[in-house]
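Heads up, the sequence shown is in our numbering, so the first residue is 313 and it goes up one at a time. First up is the structure itself, then whatever we jot down about it.
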Amino acid sequence: MPSYDNNLIARIQQANDIVDVVAEHIALKRKGREMLGLCPFHDDHKPSMNVSPIKQIFKCFACGAGGDVFKFIQMRENLSFPQAIERLAERAGIELPRPTGRKTSDERRTTSDEIDPNQLARLNSWAAKYFQKNLAEKQKGKAARQYLADRKISPESITKFRLGLTLDEPDHLCKTAAKANIPEKLLLAAGLIVPGRTDKFVNRLMFTITDPTGRAIGFGGRTLADEGAKYINSPATALFDKSNALYALDLARHRIVETGTAVVTEGYTDVIMAHQFGLTNVVASLGTSFTTGHARTLRRYARKAVLLFDADTAGIEAANRALQTALAGRIDVSIAVIPGEKDPCDFLLAQGKDALDTLIKNAADVFSFKWDRLTEQLKAGDTLAARKQAVDDYLEALAAGIAAGNLPPIDTGLIVNRVAAVIALDPRDVKNELKKRIARARRAASYDTIHAENRKAAKLDLGHGLAANAQREILEVILNAPTFLKKYDNQITPDTFDVPAYGQIALILTETIKQNSQPTLAEILAHAESTDLANLIVELATVGEQKANFKARLNGALDAVKLAQKQKDKAEIKEITDQKQFIKRVTENTEKQNPHNVGMV
């Protein structure tokens, strides 16, 4: 992986305010001098992540995650340290020098196992511009522009949403990429072509799919012919997973954070038209079913989700499934149904912004919607199986809501009685059945959390005993008062620390303080490539700051280190003495058994 100059790293760090970067991923609220939000690194229900605009660090007091802006991006986007540098340099518009003695970026792309998300993002950015250029072509883009005009999509929206076009030629993108020296393997990895050098998207209106920061991660294509699937998306890549991505979240997230509400539709044009009318907290689930991944993504920005669906049978069924998923995803959810046979885009054009706004504000509570659906199905159900299915569906939703904490106990009791009355069962039987489903829902909801913890199971070895505790104390002080390192330079060196993690931190401190005698915590963290090490540094700094009394603690810790070293020296001397005694006894016994050394070498 490439390495970058410390001055360049510092420049990139300063150009990316941590509050702005974190706010691109989670909703933040001011609390005193710091910002507070739901931690994206564990299943957080009460805001436990603090972001300090003064220190330029983040710290979760629940799961222990912490670090600077580089570590946040490393952890959030699963990147290496150099990749995080590249990502934030791109965000800040800072051009990185090509590392000397290494392959060019295009050459690096030729090996599939070297392809990383940043490479795919750069390729997607190129592809988005290629698609936009096609759409702007006077003759080749004419039909597509006419289609957009017929759908009342404005030129401003075309630019804002980076709409484009693929030509009615099966290998036009492939040939264009070859002229730009883009390797075929990278195009395959991005899902822009299929094996055999054939374009994946042919004669389609192209929608650029972005992550919350506006980085192009994939594409959706609507056919402009009467053949093939109406819509297709990019396949799953190292950068794109449609079960987690939401269309236009980068354009909607600020308004979502402001209002606390996200409106979710099914179609690209629904979102575009909503934004065009000024409803800018609207996103779409890429034409796929609403997933728990979508719910988790929204939960970082919104307290509530309103699902906006068509009134036809397919729309209602999709809404019902989405509600269930949203409940399991632990987000407050309601549903708004477009009346008649219109989709949100057509409804806006016919009725206007105020009508849709009112529809969203009057969205039905999930349990009211589910109850109405249950009673309707019970009335219509002419078989026992149909009635049972209706009850099962309702109880599953109820269990998911209770497991997610979306339903107070008193409401649960009332609902149980209502269900028992409708299906003519003893309330105790309904309650017992519900308990089983709640337990199952809780196990399912905790699955991701358990596996996330398993992935983090490999912790740093921090040692134990007097020496380890004293070394920890020294670092707690130095991280808060770096000038002590110079004052005690003959007593505190990386060799002072025999706990490997503490030794690494001491080395980072030594290198950082050489450049700046009073570095900030963020400047220290910029020298730590490991996220685990960064978490530890923030923890040590935080605990040390709370303890204060730096000089006395440092002197006490140094005395403890000396004492531990003396004990270690004594133990080693004893061990050596014991070894000598053992060898002496062996030798004496051997000589007794073989006094003339016969056969000895």
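Here a beta-carbon is modelled for each residue, glycine too, at the ideal position from N, C-alpha and C.
{"query": "Cα-Cα separation, Ala782 to Pro794", "result": "17 Å"}
{"query": "Residue range of the unbroken beta strand (DSSP E) whose run includes Leu797", "result": "From DSSP, Leu797 is part of no beta strand (DSSP E) but of the alpha helix (DSSP H) over 795-799."}
{"query": "Option in Ile790, Ala846, Gly378, Gly777 with minimal Cα separation from Ala876", "result": "Gly777"}
{"query": "Rounded straight-line distance, which links the Cα of Gly856 to that of Leu598", "result": "47 Å"}
{"query": "Chain D within 7 Å of Pro656, Cβ atoms only", "result": "You won't find chain D in this structure, because it holds only one protein chain."}
{"query": "Nearest-angstrom beta carbon gap, Lys682 and Ala709 [assumed within contact, 8 Å]", "result": "5 Å"}
{"query": "Phe531, DSSP secondary structure in three states", "result": "strand"}
{"query": "Distance CB(Ser364)-CB(Glu336) smaller than 7 Å", "result": "no"}
{"query": "Cutoff 7 Å; reference Asp332; Cβ partners in own chain excluding five residues on either side", "result": "none"}
{"query": "Assigned secondary structure, Thr416 (DSSP; H/G/I helix, E/B strand, else coil)", "result": "Because the pLDDT at Thr416 is just 39, under 50, the model does not fix this residue reliably, and the value given afterwards should be weighed accordingly. DSSP places Thr416 in coil when its eight states are reduced to three."}
{"query": "8 Å Cβ shell around Ala798 - same chain, five flanking residues per side excluded", "result": "First, the amino acid is wrong: residue 798 is Lys here, not Ala. Ile825, Ser829, listed in sequence order."}
{"query": "The beta strand (DSSP E) enclosing Leu661, as first and last residue numbers", "result": "Taken as a continuous stretch (DSSP letters only), Leu661 belongs to no beta strand (DSSP E), being part of the alpha helix (DSSP H) at 656-663."}
{"query": "Cβ distance (whole Å) where Leu837 is taken to contact Gly379 below 8 Å", "result": "5 Å"}
{"query": "DSSP beta-bridge partners of Phe621", "result": "Val649"}
{"query": "Cβ-based neighbour list, Met585, same chain, cut-off 6 Å, excluding 5 preceding and 5 following", "result": "Cys657, Leu660"}
{"query": "Terminal residues of the alpha helix (DSSP H) in which Glu835 lies", "result": "833-837"}
{"query": "Those runs of the alpha helix (DSSP H) which lie wholly inside the region 418-499 and span at least 4 residues", "result": "429-448, 454-462, 467-472, 484-491"}
{"query": "Strand pairing of Leu348, partner residues [DSSP]", "result": "Lys341, Asn362"}
{"query": "Touching by the beta-carbon criterion (3+ pairs, under 8 Å), the region 524-535 and the region 550-566", "result": "yes"}
{"query": "Burial state of Ala698 (16 or more Cβ within 10 Å)", "result": "exposed"}
{"query": "Same chain, Cβ closer than 8 Å to Phe589, five either side skipped, listed in chain order", "result": "Leu660, Gly664, Lys665, Leu668"}
{"query": "Selected residue, minimal CA-CA separation from Gln858, among Asp483, Glu481, Asn792", "result": "Asn792"}
{"query": "Supposed close pair Glu578, Phe519 - CB separation, criterion 8 Å", "result": "Wrong, their Cβ atoms sit about 13 Å apart, outside the cutoff."}
{"query": "Three-state secondary structure (DSSP) of Ala804", "result": "Residue identity check: residue 804 is Ile in the sequence provided, not Ala. Three-state result, Ile804: coil."}
{"query": "Segment limits, alpha helix (DSSP H) that includes Ala564", "result": "561-571"}
{"query": "For Phe370, the three-state DSSP class (helix, strand or coil)", "result": "strand"}
{"query": "Cβ-Cβ separation, Gly476 to Leu447 (assumed contact under 8 Å), whole Å", "result": "5 Å"}
{"query": "Cross-strand partners of Asp538 (DSSP beta bridge)", "result": "For Asp538, which the question treats as bridged, DSSP gives no partner whatsoever."}
{"query": "For Ala322, the three-state DSSP class (helix, strand or coil)", "result": "helix"}
{"query": "Nearest neighbour of Gln386, chosen from Lys743, Ser842, Lys452, Thr832 [CA to CA]", "result": "Ser842"}
{"query": "Beta carbon of Thr573 nearer than 7 Å to that of Ala614", "result": "yes"}
{"query": "Terminal residues of the alpha helix (DSSP H) in which Thr525 lies", "result": "Segment: none, Thr525 is in no alpha helix (DSSP H) and carries neither H nor E."}
{"query": "Which of helix, strand or coil DSSP assigns to Asp511", "result": "strand"}
{"query": "Cβ-based burial, Arg286 [other Cβ within 10 Å; buried from 16]", "result": "The question about residue 286 has no answer here: the residues shown for the chain are numbered 313 through 913."}
{"query": "DSSP state of Tyr543 mapped onto helix, strand, coil", "result": "strand"}
{"query": "Pro352 to Ala489 span [Cα, whole Å]", "result": "37 Å"}
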